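Trainee:
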Amino acid sequence: MSPFWITIAILALAALGYLLGRSRSIRLAGGDTRALHSRPTYHGWHVALFTALPALVLLALTRLLQAPDWLAPAALALGVAGLAFALSRTAPQFRARNVVEQVVRGILIVCSLIAIATTVAIVLSLVFESLRFFQMYPWQDFFFGTEWTPSFGGGSELGMLPLLWGTLYISLIALLVAVPVGLYAAIYMSEYATPRVRSVVKPAIEVLAGIPTIVYGLFALVTVGPLLRDWIAQPLGLGSSGSSVMTAGLVMGMMLIPFVSSLSDDIINAVPQSLRDGSLAMGSTHSETIRQVVLPAALPGIVGAVLLAASRAIGETMIVVLGAGAMARISPNPFEAMTTITVKIVGQLTGDNDFASPETLVAFALGLTLFVMTLGLNVLALYIVRKYREQYE
Amino acid sequence: MTDVTSQPPRPVDPPAAPARRSLLIEDPRTRRRNAAERRFRAYGVVAIALAMGALVFLLFTIFRDGTSAFFQTYARIPVAIEAQVVDPAGNRDPAEMQKVLTMGYGKLLDNSLAAYVEANGIEIEGLDDRDLSSFFSAQARADLRNAVLANPELVGTVIETPVMTSSRIDGMFKGRVSRESAAIDAKTSVAQYDLAMAMEDRGDLQTRFNWDFVTSTDSSDNRPEAAGLGVAILGSFYMMLIVLVLSLPIGVAASIYLEEFAPKNRLTDLIEVNISNLAAVPSIVFGILGLAVFINFAGLPRSAPIVGGLVLTLMTLPTIIISTRAALKAVPPSIRDAALGVGASRMQTMFHHVLPLAMPGILTGTIIGLAQALGETAPLLLIGMVAFVTTYPSAPPEGFLDPASALPVQVFNWTQRADPAFFERASGAIIVLLVFLLAMNLLAITLRRKFERRW
Amino acid sequence: MDDVRMVERVVDTDARDIKFQCKDVQVFYGEKHAIKDVSVDLLDKTVTAFIGPSGCGKSTFLRCLNRMNDTIGIARVQGRMLLDGEDIYDRRVDPVQLRARVGMVFQKPNPFPKSIYDNVAYGPRIHGLARNRAELDEIVEKALRGAALWNEVKDRLGETGTGLSGGQQQRLCIARAVATAPEVLLMDEPCSALDPIATAQVEELIDELRATFSVVIVTHSMQQAARVSQKTAFFHLGNLVEYGDTDDIFTRPRDPRTESYISGRIG
Amino acid sequence: MDDVRMVERVVDTDARDIKFQCKDVQVFYGEKHAIKDVSVDLLDKTVTAFIGPSGCGKSTFLRCLNRMNDTIGIARVQGRMLLDGEDIYDRRVDPVQLRARVGMVFQKPNPFPKSIYDNVAYGPRIHGLARNRAELDEIVEKALRGAALWNEVKDRLGETGTGLSGGQQQRLCIARAVATAPEVLLMDEPCSALDPIATAQVEELIDELRATFSVVIVTHSMQQAARVSQKTAFFHLGNLVEYGDTDDIFTRPRDPRTESYISGRIG
Amino acid sequence: ARDQIQVAGSSTVLPYATIVAEAFAENMDFTAPVVEGGGTGAGLKQFCAGLGENTIDVANASRPIKEAELAECRANGVNNIMEVQFGYDGIVFASSINGPDFPLTPQDVYKALAAEVVVDGKLVANPAATWADVNPALPAQEITVYVPGTKHGTREVFEEKVMAAGCETSGALEAMTALSDADKAEEACVTLRTDGRSVDIDGDYTETLARIDSNPNGLGVFGLSFYENNTDKLKVATIDGVAPSVETVASGEYPVSRPLFFYVKKDHFGAIPGLKEFAEFFVADAIAGPGGPLSEYGLVPDPELARVQQAVAAETVVAAN
Ligand SMILES: Nc1ncnc2c1ncn2[C@@H]1O[C@H](COP(=O)(O)OP(=O)(O)OP(=O)(O)O)[C@@H](O)[C@H]1O
Ligand SMILES: Nc1ncnc2c1ncn2[C@@H]1O[C@H](COP(=O)(O)OP(=O)(O)OP(=O)(O)O)[C@@H](O)[C@H]1O
Ligand SMILES: [Mg+2]
Ligand SMILES: [Mg+2]
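Residue numbers (this note's numbering), protein chains in the order written: chain A, 2 to 394; chain B, 1143 to 1597; chain C, 9 to 275; chain D, 9 to 275; chain E, 201 to 521.
The structure is reproduced here in structure tokens:
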């Protein structure tokens, strides 16, 4: 039997266990479920969980550790044993609810640990290669270098500051587009628009998040870039580059609109009506109510949405490659081509360079640096939210 | 609004009766405030208009460039299966016949076309062998070969079957190739153009809807006209299945724990920050992770949807967790009190009351997270899914382990190819991807509308 | 127990202007007909009490008076309501201006999740009632004193309003409404969560306000109605059963329903 | 106005068991010391009234009795509270089970945004109090009748509970709490938004419940306290000033603070 | 067990590899190979990660494997590697079809794109603004050149065969060596200007093409095959008077080209069905020879293809040193 079918079998067994546990508890209570400590459903779940969980864990382990094949059916046996054990425990005074809730709680904890495990794994998968990089390339030059000129023959300058600058610059512009537009769109949808309009507009805007970034990239390259160059940059004498921080930022901002708008819309919608009523009854206009009562109450959620958008901005590649170019440069002029850390991570990892050379390994160091930096940014955001959070009711 | 206005304040002490003011006449302050209100509202309209405008524009370009990918031009001419070409040994032995490669079948088509031209009395200046041999798609040869090998009876007969034309011929009927561009195009010629037009006049060239674009597999740079999305759609479907089944429950479970059950201390703060930080990790780093953990450590195969699905799950989790937590936070505490007050456990409070109220936010997170996962290429790069795959993965569960590509991968690959015909295909693939996205989100969007309420 | 602090106030109704003139008002919540054909004239510089069994439509009618029903999607209002002779449901009327003139205290206290100070200062700020911080401080203090809350919160003005006790929240909402200095103040059971002393203070405040404004108060306490109001309206199942001088209503009710409600009184 | 329906009930305190034994209870909200050193024994099959000025800590103390304060992050509870001799703050105690036995009606009505029926049926459902739908229907009807809401909502049980009037919501919450059949029922100003008739009905319900359960009720109405309770506790600034038989408290208060609160009574 | 061949590596080789894979699957009784791009470095990294089903069988490369990479391979037990050079890729300069002709020399390109040039015995920032500034024979058009980014192998070839060559022939190398030392001078030869006249392209040739579309003054660096597929949009520049074509590159007349390779794990022969057949099929005359589908697509066939075929048949591995 393949692991898949064993899984199915275990799940079927668990379903059976649910029915058995349920009916057994009802029978033990003599048909009067009020005599039970916990509802029959909980007794059912208790049996189902004890059937499925250990068996599935064992199965996963055998699969992961590439244990001999006969161990897989053993999981099924364990499932049967669990079922028998749980059934035998079923009794009217058995605290099935508490047991089930403990198990569920355990599952919840495991789920939140996945996030931690992911982080650990990411750090681990970055840190060794980064160390190798720093053995080949001085860290001072990496962190404080203002030149980014990798070359095949070695002797590259791999200073990250130009990339950092580009990252911050482009993300900033993207957020300057996405946050106001997204927030105003969210406000309009949740506060002004009729339900009909909202139910159409909201999913429509969400489509923006689903359009592959390459489409945005091409849009930046083919449409926005030349437009900005011909109508703004050149007349103002700010350069004649077709790709620029501005192009990438604008287009990326467009993509990020739904991140801000949809999430904020939900949060704004969750602010209790009584707060709005309170403000409106004081003779404040709708917009005053929104600005001074609704938005502050929705702040934590909105900050979360903006952070998510910022995160996407930092992690985006395609739009930057096509919209902002690949030139690592520090310049205040938004109409010049620049590039970001993420682009260079992808670039250096997928290029033709020797994979053991600092030119490739620098990608890992960049990844790690970015990770640490965004961590700092998030700590700051958490602090801000804590400070200004307004808990309603 | 701490602004202190020039307007004399109404006396407050003692509250003297204010002068009668008409409700129908705005006083200056109200006028100003109402103007601000209108501006604010206008900003909202403008914001929505901007977003919708961007959407409409993008969709317009996508559909403009991509619709033609769903159509394909075929020729209908008699094809003689000449025995000396396909069966040089002359013994109809399939093993022997197999030695004739697809390239060899080109001759059949060339000869048939030449015969057709002659039979119909088409006279075109400068029509040479190259024009004839590049008239049909390389795929047509392969199809022919497969047909002959499957049915050796055909050898020596003349069959009439739709023959796929090459991308340039196809392009002539989609406005991509004109007589002028044909003149300077190394891959076609004016003579070929005239021939195609002559054939069309006779009704022997037809452009029709091309289901193969949706169902067939990718093809190499030499035959853009044959490239299809079948494998990519399956691959994306398998991956999204995994992502949905894993990321939604895990994400919601993690959020519930962190928001409702976890003690509030340094550790949980750390976890919280950590999760938002994961959202900022460039997606390719998840690819690095997937390669290390799922392929090198867990021993799962390369290019397999299961690995892609797992990586995308990890990538989607932060989005879902962040939005779910925000939604949980927004549920008023009084609801929780009410449930706890009648003796519901925290778990029951959570699942019976708070979660349903947080559902819109959770679904939004899911919609956005899945949209992002569906369109992502970079993390698939390192786990081998940005690949040229020409065999369909089998049905689940084995199919999860078979090589497959994905829709965004196909878009990404096709936009990089040299033949301009692939650009049209890439846009077509985006249309399919959007349809896929909408289909995937339809349930979530309807559900969300059901759950939305104010309290 | 002697708990009736009935002050005989000389009320000269005819000398007063009509502030609110309501004619054939109907309110529907979707299908539900919540207010049926109510016509009533509310006088200026008068406290009017709305009494009636729970669910009879008092709050609904009150919310019509400053168009707060606009915020309930399914609510529909018909009929004419004139404030100083102007139809408040006229298309040209700006509900914002209306609500600035017709303030409201809600049945469920709904303080903003802001500091106590900001809660009270909210109205004066948006209406620009204070020229500077000192004036604003003064307004806030006065409003809080009026609502009998000053002593309890004067040391914690910066704390959030939602961390107050139920009764404190209610008084905060009263202070918030008073600070805006409206012409008409609608109060939906403003004393329901207050102890007797605080209630007395709020009633005093109402009495003070009456000098310049009109006040409409919903209450379930017949005693309170008798104490503070000059006019009383009795609602029943969406109908305005009886409206008249408070004394008359309580001593000589004309309608049998009023009679039975009053006589069945307990609270 | 004769509004005192004072029924003389023969109360034999000693014969009753102690239900709740509270010893040196302290509650802090962050820095704020909200309950100071309160010791009190609440009796079984008795209605105990908590009275005191707004903000004195009545709700806070009430919420301690079923550990609802656990949900307020900054609240800390110290001291011992024994329910039938068992410390409810013991680590081994499951607050869920505790709350199933000690039900609560909150000061601000907080119906679930679900149908009226589901609001009431929720408790019985999770506690498995009904074997089938018919039984559940019966429980719901009985609870709604008890809370004097049945007639108003019997035709709209499927409508959402948040669309009710303030008083209706309050009664819904009472019905919801009663339907769970707790041993102790904590009611935080259950009649504050109710008209006299509904109040009378709820008081009747409380009296009924007393036969089997103990009830703790917070009220600002001295009359109500006098009418329904056998024991009264007077809180002031976080202190339990006086606790004793209701008659004694109202007729022979020992503490001057009680005295002055009682005599200053109005509402 | 895996029954399809896994190929990864250079994106320049990718199109050829897919053509081969497709034909291979069509004509042989093996499952279609899975072909990935990802870059030479990434391909070789996976190639050298070890033996077994979870590693790839064939790595495509647009440059020979480096010593360090070989060492890593060996360290991971990947010892028997076959190196197959199957053809060349020509690198061309092309501009918008509507623009003027560009008869370039490496010297012109060098003078147009070098970051610093020697003027009157002194190093100064490159002052050239139009091609006519560089060489009066060229059109007076703004200099904008789209050059592959530093991650591309093409960049290396461009630097070596165009910039360095131009630097030398123009005499700038000599002049700069005189100013500083030889190493610095060589580096200066291949350093491109950063004032926006030379634009790095991190994407692929389609991006370069799109940029020329949106800026008709631009000149782009392309692979020969890419140009051949887009002759209706691009006009190719001659180098030293030679127009690039499969023939001129094969004969060596056209100077800018690079060899293409793939590497095969001999140890996977037998374990992965069809691996050896695939390698042989790749370099078969019918595929990689002149007139075959690869050259039809733009590959310059290796003039010594016969020798390569023999080496593949004999399973010759890269010598260990
Ligand atoms: N969540 C909280 N955070 C901080 N302080 C609080 C909180 N809840 C109540 N308090 C304070 O604790 C004190 C007691 O509050 P409590 O709600 O127990 O009063 P109460 O006796 O119920 O008053 P009321 O009759 O007005 O409801 C008050 O001063 C109040 O401001
Ligand atoms: N938002 C709403 N949706 C539907 N019905 C409503 C809504 N609000 C109130 N109702 C109904 O309208 C009727 C009148 O409600 P209203 O709130 O005006 O009563 P009330 O007189 O204020 O009662 P109470 O003294 O209990 O506050 C009630 O039957 C109530 O159920
Ligand atoms: Mg009401
Ligand atoms: Mg209270």
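Here a beta-carbon is modelled for each residue, glycine too, at the ideal position from N, C-alpha and C. Bear in mind that the values here come from a model prediction, so they are computed numbers and not experimental data.
I'd like to confirm the pairing. Which residues does DSSP put opposite H41/C in its beta bridges?
Mentor: Counting from 1 along the third sequence, the entry for residue 41/C is found at position 33. DSSP output for H41/C lists F36/C as bridge partner(s).
Trainee: Among the candidates T1532/B, F1202/B, A1468/B and F1379/B, whose CA atom is the shortest distance from the CA of E1401/B?
Mentor: What you label residue 1401/B is simply residue 259 of the second sequence in a count that begins at 1. E1401/B has its Cα closest to that of A1468/B, out of T1532/B, F1202/B, A1468/B and F1379/B.
Trainee: Using a Cβ-based criterion (distance less than 6 Å to any ligand heavy atom), does S1569/B qualify as near ligand 1?
Mentor: Within the second sequence, residue 1569/B is the residue found at index 427, counting from 1. False, no ligand heavy atom lies under 6 Å from that Cβ.
Trainee: With respect to the beta strand (DSSP E) encompassing H244/D, which residues constitute its N-terminal and C-terminal limits?
Mentor: Looking up residue 244/D in the fourth sequence gives position 236. Here the beta strand (DSSP E) through H244/D covers K239 to H244.
Trainee: Can you pull the chain B neighbours of S244/A, defined as C-beta to C-beta under 8 Å?
Mentor: Counting from one through the first sequence, the residue named residue 244/A turns up at place 243. Chain B residues near S244/A: none, gap ~17 Å exceeds 8 Å.
Trainee: Give me the Cα-Cα distance between G250/E and F86/A, rounded to the nearest whole angstrom.
Mentor: As a working mapping, residue 250/E is identified with position 50 in the fifth sequence. As a working mapping, residue 86/A is identified with position 85 in the first sequence. Each residue's Cα considered, the two are about 46 Å apart.
Trainee: Note down the Cα distance separating I82/C from K40/C, rounded to an integer number of angstroms.
Mentor: Your numbering for residue 82/C matches position 74 in the third sequence. Your numbering for residue 40/C matches position 32 in the third sequence. Answer to the nearest angstrom: the Cα atoms are 10 Å apart.
Trainee: Tell me, please, which residues DSSP counts as bridged to Q86/D.
Mentor: Counted from its first residue, the fourth sequence places residue 86/D at position 78. Answer is Q34/D.
Trainee: Give the straight-line distance between the Cα atoms of V334/E and V223/A, rounded to the nearest whole angstrom.
Mentor: Counting from 1 along the fifth sequence, the entry for residue 334/E is found at position 134. Counting from 1 along the first sequence, the entry for residue 223/A is found at position 222. Distance between the alpha carbons of V334/E and V223/A: 30 Å.
Trainee: By the criterion of Cβ-Cβ separation under 8 Å, what are the contact partners of Y125/D in chain B?
Mentor: On the fourth sequence, position 117 is the one that residue 125/D refers to. Near Y125/D there are no residues of chain B at all, since even the closest Cβ is about 15 Å away, more than 8 Å.
Trainee: When DSSP builds the beta bridges, which residues end up paired with E94/C?
Mentor: Here residue 94/C corresponds to residue number 86 of the third sequence, with the count starting at 1. Answer is L91/C.
Trainee: Can you grab the Cα-Cα spacing for the pair Q1514/B / S312/A, in whole Å?
Mentor: As a position in the second sequence, residue 1514/B is number 372, starting the count at 1. As a position in the first sequence, residue 312/A is number 311, starting the count at 1. Between Q1514/B and S312/A, the C-alpha separation is close to 13 Å.
Trainee: Please report the distance separating the alpha-carbon of K1249/B from that of E1224/B.
Mentor: Sequence index remark: in the second sequence, residue 1249/B carries index 107 (1-based). Sequence index remark: in the second sequence, residue 1224/B carries index 82 (1-based). Those two C-alpha atoms are separated by around 9 Å.
Trainee: Listed in chain order, which residues are found with a beta carbon closer than 5 Å to a heavy atom of ligand 3?
Mentor: In chain order, the hits are S67/C, Q115/C, S173/D and G174/D.
Trainee: Please check if any C-beta of chain B sits within less than 7 Å of the C-beta of G238/E.
Mentor: Counted from its first residue, the fifth sequence places residue 238/E at position 38. Answer yes: the Cβ-Cβ gap between G238/E and chain B drops below 7 Å somewhere.
Trainee: Considering Cα atoms alone, identify which of S358/A, L381/A and R390/A is closest to E130/A.
Mentor: The residue you call residue 130/A lines up with position 129 of the first sequence. Cα-wise, what sits closest to E130/A is S358/A.
Trainee: Label V201/A either buried or exposed according to how many other C-beta atoms from any shown protein chain fall within 10 Å of its C-beta, with 16 as the threshold for buried.
Mentor: Residue mapping note: residue 201/A aligns to position 200 of the first sequence, counting from 1. So V201/A counts as exposed.
Trainee: Is it true that the CB of G1441/B sits closer than 7 Å to the CB of M1381/B?
Mentor: Here the question's residue 1381/B lines up with position 239 in the second sequence. Here the question's residue 1441/B lines up with position 299 in the second sequence. For M1381/B and G1441/B, no; Cβs fall outside 7 Å.
Trainee: Taking a cut of 7 Å between CB atoms, which residues from the stretch 1521-1547 of chain B lie near chain E?
Mentor: Flagged, chain order: L1523, G1526, V1528, A1529, F1530, V1531, T1532, T1533 and P1545.
Trainee: Among G174/C, V110/C and A201/C, whose alpha-carbon lies nearest the alpha-carbon of S222/C?
Mentor: Mapped onto the third sequence, residue 222/C falls at position 214. Residue V110/C is the option with its Cα nearest to S222/C.
Trainee: If you measure between the beta carbons of A1481/B and T1491/B, is that distance less than 7 Å?
Mentor: Numbered from 1 along the second sequence, position 339 holds the residue referred to as residue 1481/B. Numbered from 1 along the second sequence, position 349 holds the residue referred to as residue 1491/B. Contact: yes.
Trainee: State buried or exposed for D32/D, treating a residue as buried only when at least 16 other CB atoms are found within 10 Å of its CB.
Mentor: For the purposes of this step, residue 32/D is identified with residue 24 of the fourth sequence, where counting begins at 1. Classification for D32/D: exposed.
Trainee: Considering only C-alpha positions, which residue in the set K150/D, M89/D, L165/D and W158/D is nearest to K122/D?
Mentor: Numbered from 1 along the fourth sequence, position 114 holds the residue referred to as residue 122/D. Checking every option, the nearest Cα to that of K122/D belongs to L165/D.
Trainee: Under a Cβ-count criterion, where at least 16 other Cβ atoms within 10 Å of its own Cβ denotes burial, should R273/C be classed as buried or exposed?
Mentor: The sequence position of residue 273/C within the third sequence is 265, counting from 1. Caution applies to R273/C, whose pLDDT of 46 falls short of 50 and renders its modelled position unreliable; the model cannot decide the point.
Trainee: Rounded to whole angstroms, what is the Cα-Cα separation between A513/E and A488/E?
Mentor: Along the fifth sequence, one-based indexing puts residue 513/E at 313. Along the fifth sequence, one-based indexing puts residue 488/E at 288. Going from the Cα of A513/E to the Cα of A488/E covers about 15 Å.
Trainee: Looking at chain D, which residues of the stretch 111-138 of chain C have a Cβ within less than 8 Å of any of its Cβ atoms?
Mentor: Here the close residues are Q115, K116 and P117.
Trainee: Could you tell me whether the Cβ of F188/D comes closer than 7 Å to any Cβ of chain B?
Mentor: By one-based count along the fourth sequence, residue 188/D stands at place 180. Checking the sequence shown, residue 188/D turns out to be Thr, not Phe. Chain B, which has a Cβ nearer than 7 Å to the Cβ of T188/D, makes this yes.
Trainee: Which residues in chain C have a C-beta closer than 7 Å to the C-beta of L276/A? List them in chain order.
Mentor: In the first sequence, residue 276/A corresponds to position 275, counting from 1. By Cβ distance, chain C contributes N118 and F120.
Trainee: 7 Å is my cut-off, CB to CB: does R100/D come that close to chain B?
Mentor: Sequence index remark: in the fourth sequence, residue 100/D carries index 92 (1-based). Not an interface residue.
Trainee: Residues in the same chain with beta-carbon distance under 7 Å from I472/E, minus the five sequence neighbours each way, listed in chain order, please.
Mentor: For the purposes of this step, residue 472/E is identified with residue 272 of the fifth sequence, where counting begins at 1. Cβ neighbours of I472/E beyond the five flanking positions: R202, I205 and D257.
Trainee: Considering only residues of the same chain and omitting the five flanking positions on each side of T1519/B, which have a CB-CB separation below 7 Å?
Mentor: As a working note, residue 1519/B is residue 377 in the second sequence. So the qualifying residues of the chain are V1528, P1550, V1551 and F1554.
Trainee: At a Cβ threshold of 7 Å, is A108/D touching chain H?
Mentor: Here chain H cannot be found, since the structure's protein chains are A, B, C, D and E.
Trainee: Determine the DSSP secondary structure at V71/A, reduced to helix, strand or coil.
Mentor: Numbered from its first residue, the first sequence carries residue 71/A at position 70. The residue asked about is misnamed: residue 71/A is Trp in this sequence, not Val. In this structure, W71/A counts as coil in the three-state DSSP scheme.
Trainee: Three-state secondary structure (DSSP) at G81/D?
Mentor: In the fourth sequence, the residue the question calls residue 81/D occupies position 73. Three-state result, G81/D: coil.
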